[in-house]
Each structure stands twice: as C-alpha cells, then as structure tokens.
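Everything below concerns the one structure shown next.
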Amino acid sequence: MLNLVLFGPPGAGKGTQSNLLIDRYDLVHLSTGDILRGEIAAGTVLGLEAKTLMDSGDLVPDAVVIGMISSKLDNNSKANGFIFDGFPRTTAQAEALDDLLNEKGTSISAMLSLIVADEELIRRLLARGESSGRADDQNKSIIANRINEYNNKTAPLKDYYSTQNKLSEIKGNGAVEDIASKLNNVIDAL
Ligand code: ADP
Numbered sequence: 002m003l004n005l006v007l008f009g010p011p012g013a014g015k016g017t018q019s020n021l022l023i024d025r026y027d028l029v030h031l032s033t034g035d036i037l038r039g040e041i042a043a044g045t046v047l048g049l050e051a052k053t054l055m056d057s058g059d060l061v062p063d064a065v066v067i068g069m070i071s072s073k074l075d076n077n078s079k080a081n082g083f084i085f086d087g088f089p090r091t092t093a094q095a096e097a098l099d100d101l102l103n104e105k106g107t108s109i110s111a112m113l114s115l116i117v118a119d120e121e122l123i124r125r126l127l128a129r130g131e132s133s134g135r136a137d138d139q140n141k142s143i144i145a146n147r148i149n150e151y152n153n154k155t156a157p158l159k160d161y162y163s164t165q166n167k168l169s170e171i172k173g174n175g176a177v178e179d180i181a182s183k184l185n186n187v188i189d190a191l
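Every number in this note's numbering is 1 more than the matching position in the sequence shown, counting from 1.
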C-alpha cells in the first residue's frame, strides 16, 4: 500500500495537490477538515460540537478525529492506499494512526511536507475565504490562530516522521503543476 501524509500549514495547498495525487496513484483521499465540514453540513451532533472550534481556528479533540479516521479506514478496506490530508495534526493523532495502520498490516510510506511562507498563506486563505465562505478563512486573527496551532501542535510532527526517515520537504510556492511534479518525483523514488 502507498500511504502518504500530505503535510503543511493551512493554505499550503494540501487539498489541491491531494486531488492530483489520488488520480495519479489511485488513492483514497481522507481529509479530516472535509469530513468535519460534511458533519456540519449534515447537522450531526459531532458537527455541532466541532463547528465552534473550527470557526475560531482551534483544533477539534484528538478522540473525535481519530474515531473518524478509524471508521474511514474500515470502510475502505480494499483501497490501494490513502492520502491523509490535515491528519495527523498532533503527536497523539500520529501515534494513533500508526496503531490503526499497524492493525491492518500496513504503515505510513512517507510524509510530504509543503513549505510556504506565512505571508503567502495569509494571502491565499483570505482569497479563498471570498469564494468558499468558510468562517475560518474570513479574518486575519482566526487565520493567525490556525497558523499558531500549526506551529505549536502540528509542525513538531516533522520530527516524528523524520526520525523514521519518512520526511520529504517540498517548496509549496509556484505553479500547481510544478509542485505536483516535485511530489511525484519523491513518491516515484519511494
Ligand atoms: P486548513 O488545513 O486549511 O486549516 P482543514 O480543512 O484541514 O483546513 O481544517 C479546518 C479545521 O478543521 C481546523 O482548523 C480544525 O479546527 C479542524 N480539523 C481538521 N483536521 C483536524 C485534526 N486532524 N485535528 C484536529 N482538528 C482538525
């Protein structure tokens, strides 16, 4: 199986690149942000609980997202592999993911980390906010909180995967196709 963690701060382009990678490598895309927004749209209890946290740019509790990923893995038992987008975001999530994959006799193949400067992230997210209507893309202080959450809780995961020799860092600025081809090169060399 090819199991990829697509990593990077909010606005790094994980969703865009995931869509290209799922086609090229025939993978299942698991975005915890998308799954949570689906729960909100469906008006579930889980969605209601997550909404306040998401709208202010805080992380949703580990147990919630780990449970969601666990059931998605069970529901896609025939998959060639997965792209994890926006997950794991904490060390507890990374450890739980390793355990879940281990139970299924597989593991993470690589973490692909997109590097983008903060000013560019803020510019992209505010631009996306105009079309997406996402509450968390609307103002600079919420965006700053998301970037803060990323720096404090999520960025340390680079060390987690780097000690396993699984980390590749890729510049996430420039043309979408150029970034995609850099990702493809790393994956093809695995
Ligand atoms: P972005 O990467 O642009 O911030 P996402 O769609 O990945 O967007 O996430 C939006 C929000 O959903 C996050 O700010 C957080 O509140 C919540 N969320 C998504 N994934 C996770 C996760 N793995 N752990 C905790 N919260 C999460």
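Where a beta carbon is used, it is the ideal one built from N, C-alpha and C, also for glycine.
query: Going by beta carbon distance, what residues of the same chain come within less than 7 Å of D119, once the five residues before and after it are set aside?; result: I148
query: Note down the Cα distance separating I70 from L126, rounded to an integer number of angstroms.; result: 25 Å
query: Taking only three categories from DSSP, how would you classify G48?; result: helix
query: Got a sec: does the ligand ADP put a non-hydrogen atom nearer than 7 Å to the Cβ of R125?; result: no
query: Considering only the alpha carbon of each residue, which of L3, V6, K15 lies closest to V117?; result: K15
query: Please go through the region 38-104 and give each complete alpha helix (DSSP H) segment of 4 or more residues, from N-terminal end onward.; result: 46-56, 63-76, 92-104
query: Under 8 Å: do the region 88-95 and the region 154-172 share three or more Cβ pairs, one atom per stretch?; result: yes
query: Where does the unbroken alpha helix (DSSP H) through V187 begin, and where does it stop?; result: 177-189
query: Going by DSSP, what residues sit across from V6 in a beta bridge?; result: F85, M112
query: With a threshold of 7 Å, establish whether the CB of S25 neighbours any heavy atom of the ligand ADP.; result: Just to set this straight, residue 25 is Arg in the shown sequence, not Ser. Outside the cutoff, so no.
query: Is G87 near the ligand ADP, going by C-beta to nearest heavy atom under 7 Å?; result: yes
query: Measure how close the beta-carbons of I123 and S57 come, nearest whole angstrom, since I'm counting them as under 8 Å.; result: Contact flag wrong, Cβ pair sits at about 17 Å.
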